[in-house]
Amino acid sequence: MAATQRLDKWLWFTRVTKTRTLATRLVLDGHVRLNARRIDAPAKQVGEGDVLTVALEREVRILKVLQAGTRRGPFREARLLFEELSENAIAPDRDRDGGRQSNP
Numbered sequence: 001m002a003a004t005q006r007l008d009k010w011l012w013f014t015r016v017t018k019t020r021t022l023a024t025r026l027v028l029d030g031h032v033r034l035n036a037r038r039i040d041a042p043a044k045q046v047g048e049g050d051v052l053t054v055a056l057e058r059e060v061r062i063l064k065v066l067q068a069g070t071r072r073g074p075f076r077e078a079r080l081l082f083e084e085l086s087e088n089a090i091a092p093d094r095d096r097d098g099g100r101q102s103n104p
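If you count the sequence shown from 1, position 55 lands on 55 in UniProt numbering, and the numbers rise without skipping.
Laid out in structure tokens, this is it:
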């Protein structure tokens, strides 16, 4: 059986939110969906394969849960807990001149 974890704790461990209290508030305010269903319970269990849609202040992030966390570690460690599915996570291709279009 795959390990599961409270949703608010997972959001905090992955550094989606700065505090666990903010993670709880995000869930209670209805800004989190688990597998396309709105969740309003911070204690809801998430596990490997679940997909979270998180509406933050300036962006919407879609995250696939890869594993439960054991602590709130540094970014490099937190990054191993999820796969970013959001389109904004993919950097656009840029030209050598920094993305500026040259006149033909």
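Glycine residues also receive a C-beta, built at the ideal position from the N, C-alpha and C atoms.
Note that the coordinates shown come from a computational prediction; the quantities given were computed from them, not determined experimentally.
Assess contact between the stretch 11-20 and the stretch 52-69, defined as three or more Cβ pairs (one per stretch) separated by less than 8 Å. Is contact present? Between the stretch 11-20 and the stretch 52-69 there are three or more C-beta pairs closer than 8 Å, enough to call the two in contact.
Provide the residue(s) that pair with F82 in DSSP beta bridges, ordered along the chain. V65.
Collapsed DSSP secondary structure at L11 in the structure displayed: Of the three classes helix, strand and coil, the one that applies to L11 here is helix, per DSSP.
With a 10 Å radius around its C-beta and 16 neighbouring C-beta atoms as the bar for buried, classify A3 as buried or exposed. With fewer than 16 other Cβ atoms within 10 Å, it is exposed.
According to DSSP, A55 sits in a beta bridge with which residue or residues? Within the DSSP bridge table, the entry for A55 names V60 as partners.
So is E46 buried or exposed if we call it buried at 16+ other beta carbons inside 10 Å? Note on identity: in this sequence residue 46 is Val, with Glu being the wrong assignment. Residue environment analysis places V46 among the buried positions, since at least 16 neighbouring C-beta atoms fall within 10 angstroms of its C-beta.
Taking 8 Å as the cut-off, does the stretch 24-32 touch the stretch 70-78 (at least 3 CB pairs, one atom from each stretch)? Flag = no, the stretch 70-78 and the stretch 24-32 do not touch.
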